[in-house]
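Comments concern the structure below.
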Amino acid sequence: MKNLVILISGRGSNMEAIVRSCVAEQWPARVVAVVSNRPDAAGLKFAADHGIATAVVEHRAFASRELFDAELARVVEGFAPDLVVLAGFMRVLGPAFVRRFEGRMLNIHPSLLPLFPGLHTHQRAIDAGCKLAGATVHFVTPELDHGPIVMQSVVPLRPGDDAQALSQRVLATEHVIYPRAVRWFVQGALRVDGGVVTHTGGEPQLLL
Ligand code: GRF
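With positions in the sequence shown counted from 1, the corresponding number in the numbering used here is that position plus 5.
Written out as structure tokens, the structure is:
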């Protein structure tokens, strides 16, 4: 059994999708903990209700990013993770934290990376007149919202879309691709070669 630790900051709908898939599809894994940097993260309740350990490491309580990262790493390591899953975790993690978990930490970002790293991705896609948007699951590297791409989803941008409408359409695909990517990791089906991720069984890494 592989241990999964999921980091959230808010709603936690991706975390929920992963927890549900893990149980329903009987992955050789379990979500051992959900950790938040915000005590009011709604997702903590879902985790607790499902018998998953929860922890809060409040970034505001630390004088520097390095001190916060060090405490977060200590707490996360305490759950002996095989994989750390960033699911709407809204703090930038420093290089020391990232290196410690490199190769065993995934993130989801609501854009077709390498386009639109950072915040306000949906509005930026609309403002740029993009005809396509989507989401990306990637291994985490020290550069924000970069790193080897495991899977992407693509959704059309429709005339008249606002950021809210687009984000809902993208989020629905996040709930499909993130559990799938985590399952592939758990199954040992991902190979990373020169920054490019392939599924060893040839599964499609694109959801259209
Ligand atoms: C998602 O859109 C995710 O891609 C982004 O933040 C949002 C988190 O939503 N990083 P949730 O907390 O998983 O519901």
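Even for Gly, the Cβ is constructed at its ideal location relative to N, Cα and C. Here the structure is a predicted model, which is why all the values come from computation and not from measurement.
Asked                                                                                                            : Found
Simplified DSSP state of F94, which is helix, strand or coil                                                     : coil
Exposure of D196, with buried meaning 16 or more beta-carbon neighbours within 10 Å                              : Per the sequence shown, the amino acid found at residue 196 is Arg instead of Asp. Exposed, because fewer than 16 other Cβ atoms sit within 10 Å of the Cβ of R196.
Unbroken beta strand (DSSP E) run spanning G139, endpoints                                                       : L137 to F144
I92 beta carbon near the ligand GRF (any heavy atom closer than 6 Å)                                             : For the sequence presented, residue 92 should be read as Ala rather than Ile. The answer is yes for A92.
Inter-stretch contact at 8 Å, needing at least 3 Cβ pairs: the segment 101-111 / the segment 18-33               : no
P4 beta carbon near the ligand GRF (any heavy atom closer than 6 Å)                                              : Only positions 6 to 213 of the chain appear in this structure, which leaves residue 4 out of reach.
Contact check, V145 vs V160, beta carbons under 7 Å                                                              : no
Spatial distance of G83 from E63 (CA atoms)                                                                      : 17 Å
Closest by C-alpha distance to H114, when choosing among H204, H180 and A47                                      : H180
Close-in-space but distant-in-sequence residues of the same chain around R185 (CB under 7 Å, 5 per side omitted) : M156
7 Å Cβ cutoff met for G15 and G93                                                                                : yes
Alpha helix (DSSP H) runs wholly inside the segment 166-206, at least 4 long, in chain order                     : 168-191
Where the alpha helix (DSSP H) containing Q128 begins and where it ends                                          : T126 to D132
R25: first and last residue of the uninterrupted alpha helix (DSSP H) it sits in                                 : S18 to A29
Beta-ladder partner(s) of L88, from DSSP                                                                         : L9
L211 - DSSP class collapsed to helix/strand/coil                                                                 : strand
Segment limits, alpha helix (DSSP H) that includes V61                                                           : Looking at the DSSP string, V61 is not in any alpha helix (DSSP H); the run it does join, the beta strand (DSSP E), is A58 to V61.
Where the beta strand (DSSP E) containing L111 begins and where it ends                                          : M110 to H114
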